[in-house]
Amino acid sequence: MILPHLKSSTREQHERAEAHLNLMDPALDRQRYGDVLRDMRSLYGALEPRVGAGLGRAGRAALDWPARLKVPLLDRDMRDLNVTPAADLDAGAVEAFLRDEAHAWGAAYVLEGATLGGQLIRRHVAARLGLEGAGTAFHGGYGPLTGPRWRVFGEALEARVARDPDRAAFTERATDAARRTFGLFVPPAAPAVRQAPPVTRSLT
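With the numbering used here, letter number 45 in the sequence shown gets 101, and the count goes up by one each step, no holes.
Pasting the structure below:
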């Protein structure tokens, strides 16, 4: 099965991204949270269109891809908190490794896993910053549909791998793209961040 392989093979990149974001920090403030939203908007603005294109018509249909887009939620949160947007991440940083359908599925794994892990972050941010009802749409994900949509994603990915004539190669390309997608969450020169004691995983 590909999901356990992706999880174990991207653990290092996942943990580095999680430590850099550090959203479970007990000292999180609005400035830091706004900076994270701005960075996520730049990243997702570059990733989502290219991942959707790479999944192809069948992949988008299997996932109901338009319903999974996070850019509208990020835009809403930034408006609610008066956060000034930045330009999208340079497309070349994404296109360098999103070259086929397997790569798109690997990147989608990271985005969907982040949605799954966002539920506890939303509760922490809302309590810490007093943001009940505004500013937490992105981490709220799909609300009560978050778990069911993760299961749909996993089933669709497993089915796609099973149909591929070279399952091992598909899996390795997806894994490479997942690692590189996690890498986009951490700027190249980012310093090490001291992370609060882990409560849950914010990314899959």
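Virtual Cβ for every residue (Gly too), placed ideally from N, Cα, C.
Outcome for residue i when other beta-carbon atoms lying within 10 angstroms are tallied against a minimum of 16
i, result
"residue 135", "exposed"
"residue 67", "exposed"
"residue 123", "exposed"
Presumed contact (8 Å Cβ cut-off) between residue i and residue j, rounded CB distance
i, j, result
"residue 127", "residue 237", "At roughly 16 Å, the Cβ-Cβ gap does not stay under 8 Å, so residue 127 and residue 237 are not in contact."
"residue 241", "residue 102", "Contact doesn't hold; Cβ gap of about 12 Å is too wide."
"residue 26", "residue 133", "As displayed, the chain neither begins before 57 nor continues past 260, which places residue 26 out of reach and without an answer."
"residue 157", "residue 112", "6 Å"
"residue 159", "residue 110", "6 Å"
Span separating the alpha-carbon of residue i from that of residue j
i, j, result
"residue 119", "residue 164", "10 Å"
"residue 174", "residue 194", "8 Å"
"residue 69", "residue 235", "6 Å"
"residue 65", "residue 231", "7 Å"
"residue 180", "residue 209", "26 Å"
"residue 71", "residue 108", "25 Å"
Contact set for residue i: own chain, Cβ-Cβ below 6 Å, skip 5 residues either direction
i, result
"residue 255", "In this prediction, residue 255 scores a pLDDT of 38, lower than 50, which makes its location untrustworthy; the coordinate-derived value is nonetheless stated afterwards. Here the set comprises 80."
Cut-off 8 Å between Cβ atoms - residues of its own chain near residue i, not counting five sequence neighbours on either side
i, result
"residue 145", "98, 99, 101, 102, 103 and 240"
"residue 147", "102 and 106"
"residue 244", "none"
Cβ-based neighbour list, residue i, same chain, cut-off 7 Å, excluding 5 preceding and 5 following
i, result
"residue 57", "214"
"residue 262", "Past the boundaries of the shown model lies residue 262; the chain is included only from 57 to 260, so the question cannot be answered."
"residue 182", "188 and 192"
Query - Continuous alpha helix (DSSP H) assignments of at least 4 residues falling wholly in the segment 156-209 - result: Correct list: 157-185 and 193-196.
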